Amino acid sequence: MKELFPKQHVMGFGFSLLLTIVALSVVTLDMSYNIAFTILLVTALAQATVQLVLFMHIGESEDKKTLYTSILYAVFVGVITIIGSLLTMIWGYQ
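Here the UniProt record's numbering is used: the first residue of the sequence shown is 1, the next is one more, and so on.
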């Protein structure tokens with residue numbers, strides 16, 4: 001039963017929760033703009049890394065084409081999400 005437990009998925013979920021809590025601390029704590037932006041940038045990059053490594057199984061394939069296709073797809077989804085968020089939350093506000 002021990003070999004069936006998804007240890008990497010649980011670790012990834014835990015890291016994701018921790019990074020989300022750190023990012024949410026920017027809202028509750030009184031910080032300068034530069035520090036808050038730096039914390040959000042670092043947590044976003046760390047979150048993306050956790051997603052790639054632990055949930056998309058980046059290190060499990062020997063095939064380089066599969067590896068690069070997964071990374072490109074993740075970057076594409078990330079860029080579309082960021083652009084969509086900017087469109088709706090900043091430029092869409094009238």
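A virtual CB, placed ideally from N, CA and C, is assigned to each residue, including glycine.
Computed from a predicted model, the values in this text were never measured in an experiment.
Beta-carbon proximity list for residue i, same chain, < 7 angstroms, skipping 5 on both sides
i	result
isoleucine 82	none
phenylalanine 15	Val50
Proximity of residue i and residue j at Cβ, strictly below 7 angstroms
i	j	result
leucine 19	threonine 49	no
Proximal residues to residue i (C-beta, below 8 angstroms), its chain only, five neighbours per side dropped
i	result
serine 25	Ile39
Among the options, nearest to residue i - alpha-carbon criterion
i	options	result
glutamine 47	Gly84, Ile90, Leu17 and Leu4	Leu17
Close beta carbons around residue i, own chain, < 6 angstroms, minus the five adjacent residues each side
i	result
lysine 64	none
is_contact[residue i, chain C] using C-beta, thresh 7 angstroms
i	result
leucine 18	In the displayed structure, chain C is absent; only one protein chain is listed.
Inter-stretch contact at 8 angstroms, needing at least 3 Cβ pairs: the region 69-85 / the region 27-39
no
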